[in-house]
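Take 60 as the starting number for the sequence shown in my numbering and just add one per residue. Just so you know, even glycine gets a beta-carbon here, dropped at the ideal spot from N, CA and C. Remember, it's a predicted structure, so these values are computed and weren't measured experimentally. Worksheet: the structure to be examined is printed underneath.
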Amino acid sequence: MNTDTSSLPLAGQVALVTGANTGIGRVMARELARQGARVFLACRSAERTAEVLAEIDALPGARSATWLPLELGDFASVGDCAQRFLDLGLPLHLLVNNAGLAGARGLTRSGFEMAFGVNHMGHFLLTQRLLPALRASGAARIVTLASRAHRRVNGIPFEQLRQPTRTATGVAEYSVSKLANLLFSAELGRRLTGTGISTYAVHPGVVASDIWRTLPAPLRPLFHWLRRMITVEEGARTPLLCASAPALAGQSGLYWSDGAPAQPSPAGRDAELARALWQHSEDWTR
Numbered sequence: 060m061n062t063d064t065s066s067l068p069l070a071g072q073v074a075l076v077t078g079a080n081t082g083i084g085r086v087m088a089r090e091l092a093r094q095g096a097r098v099f100l101a102c103r104s105a106e107r108t109a110e111v112l113a114e115i116d117a118l119p120g121a122r123s124a125t126w127l128p129l130e131l132g133d134f135a136s137v138g139d140c141a142q143r144f145l146d147l148g149l150p151l152h153l154l155v156n157n158a159g160l161a162g163a164r165g166l167t168r169s170g171f172e173m174a175f176g177v178n179h180m181g182h183f184l185l186t187q188r189l190l191p192a193l194r195a196s197g198a199a200r201i202v203t204l205a206s207r208a209h210r211r212v213n214g215i216p217f218e219q220l221r222q223p224t225r226t227a228t229g230v231a232e233y234s235v236s237k238l239a240n241l242l243f244s245a246e247l248g249r250r251l252t253g254t255g256i257s258t259y260a261v262h263p264g265v266v267a268s269d270i271w272r273t274l275p276a277p278l279r280p281l282f283h284w285l286r287r288m289i290t291v292e293e294g295a296r297t298p299l300l301c302a303s304a305p306a307l308a309g310q311s312g313l314y315w316s317d318g319a320p321a322q323p324s325p326a327g328r329d330a331e332l333a334r335a336l337w338q339h340s341e342d343w344t345r
């Protein structure tokens, strides 16, 4: 499949990208703007986001870009971010649930295991709150960054998700959060059938991004695969394809890797587990 996204126009469309001030999110925000989209960068750091805004502002013919403060581990911040966008009265054509962390330990401000709380719960709530704007667009896409790391686990330990990180590396918890991302995207796709909104869960590759910045330095040599990482530009190719390729419109609920649909693990295909995750997530965000 052709993964060249340089000629895919998004003129007149509105996009919101989480974690858009670093890594894949930064590349996606810049490239979506280059294709003509008006981009909202939902991030924690105003200082780091300012650098990306300057990059976008320097693009020839690019639309305006705007920072929206967002801390995914804090439900109050997630709600404020969504409301700031909704108050603008704009349709939302593209939501990219990109932000994530790995190797972090502890609990989020809203009381969830760190990786699960940021990578899944924050994006679950943000997506729910932004659905009115997504529906208003007439045809929207929701791209959620998953990972092949979902294959490392066989289920979701619901009884542990309100407890601090248990493992020394946090990799097991990260894998659970990535399985949750995949299941969420699939279940969301089923629930949005017939609405014109399509969902895509994407494995970008093992990317040399800041997501592993919290992994303790003494433990990094144990993860030999970290030395075989691809660049963030390479990692952004499949997410950008799912976000903007006309040929992929309507191909909802699938898992994507290397520019094509891929087969998730058995747990990643478990519709009953996806429904259970949805119900728990819905209950926790009420």
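Span of the alpha helix (DSSP H) around residue i
i    : result
H182 : G181 to A195
V347 : An answer regarding residue 347 cannot be provided, because it is not within the stretch 60 to 345 covered by the chain.
H262 : Not the alpha helix (DSSP H): H262 falls in the beta strand (DSSP E), residues I256 to H262.
S303 : R296 to S303
V111 : A105 to D116
V177 : Careful: V177 lies outside any alpha helix (DSSP H) and carries neither H nor E.
V332 : Rather than Val, the amino acid found at residue 332 in this sequence is Leu. Note, L332: alpha helix (DSSP H), A330 to W343.
A92  : G82 to R93
Sequence-distant residues of the same chain with beta carbon closer than 7 Å to residue i, five excluded per side
i    : result
Q94  : L67, P68, L69 and S303
A208 : Y233, S234 and K237
S65  : Confidence is the limiting factor: at S65 the pLDDT is only 48, short of 50, which leaves the residue's position unreliable, though a coordinate-based value still follows. Same-chain partners within the cutoff: there are none.
G2   : One cannot answer for residue 2 here, as it falls past the ends of the chain, which runs 60 to 345.
L145 : P191 and A192
A335 : none
L118 : A92 and R93
Distance CB(residue i)-CB(residue j) smaller than 9 Å
i    : j    : result
H179 : S324 : no
A199 : G255 : yes
S311 : Y233 : no
R89  : E114 : yes
V177 : V212 : no
G159 : L129 : no
V262 : W315 : Correcting the residue type first, residue 262 is His in the shown sequence and not Val. Yes.
A101 : V73  : no
R122 : V98  : yes
D317 : G264 : yes
G162 : G229 : yes
L251 : L153 : no
A124 : D116 : yes
G120 : P150 : no
R168 : F134 : yes
L112 : W126 : yes
Range of the contiguous beta strand (DSSP E) that encloses residue i
i    : result
F243 : No beta strand (DSSP E) holds F243; the alpha helix (DSSP H) holding it covers V230 to R250.
R97  : R97 to C102
T203 : A199 to L204
A163 : It is not in any beta strand (DSSP E) - A163 carries neither H nor E in the DSSP assignment.
P128 : A124 to P128
L131 : Per DSSP, L131 belongs to no beta strand (DSSP E) and is neither H nor E.
S316 : L313 to S316
V155 : L153 to N156
A319 : A319 to A321
Same chain, Cβ closer than 6 Å to residue i, neighbours up to 5 away in sequence not counted
i    : result
H283 : In this prediction, H283 has a pLDDT of 45, which is less than 50 and means its spatial position is unreliable; what the coordinates show is noted afterwards. Within the same chain, H283 has no close Cβ partners at all.
E172 : L220, T224 and E232
S206 : K237 and H262
S257 : R200, G309 and S311
E246 : A333 and W337
R210 : S324
M60  : The predicted position of M60 is uncertain, since its pLDDT is 47 and thus under 50; a value taken from the coordinates is nonetheless stated next. The answer, listed in chain order, is G318 and A319.
E218 : none
L166 : P223
A321 : Y314
Cut-off 8 Å between Cβ atoms - residues of its own chain near residue i, not counting five sequence neighbours on either side
i    : result
G138 : L184 and R188
M87  : V76, A79, V155, N157, A295, P298, L299 and A302
L281 : At L281, the pLDDT of 48 sits below 50, so the modelled position is not reliable and the matter cannot be decided from this model.
A109 : W126
Whole-number beta carbon distance between residue j and residue i, since they are thought to touch under 8 Å
i    : j    : result
N157 : G78  : 5 Å
C301 : V202 : 5 Å
G181 : G248 : Wrong, their Cβ atoms sit about 20 Å apart, outside the cutoff.
Specify whether the region 324 to 337 and the region 234 to 242 touch according to this definition: at least 3 beta carbon pairs, one from each stretch, less than 8 Å apart. With a cut-off of 8 Å, the region 234 to 242 and the region 324 to 337 count as touching, because enough Cβ pairs lie within range.
Should the region 293 to 301 be regarded as contacting the region 77 to 87, the criterion being three or more beta carbon pairs within less than 8 Å? Touching, yes.
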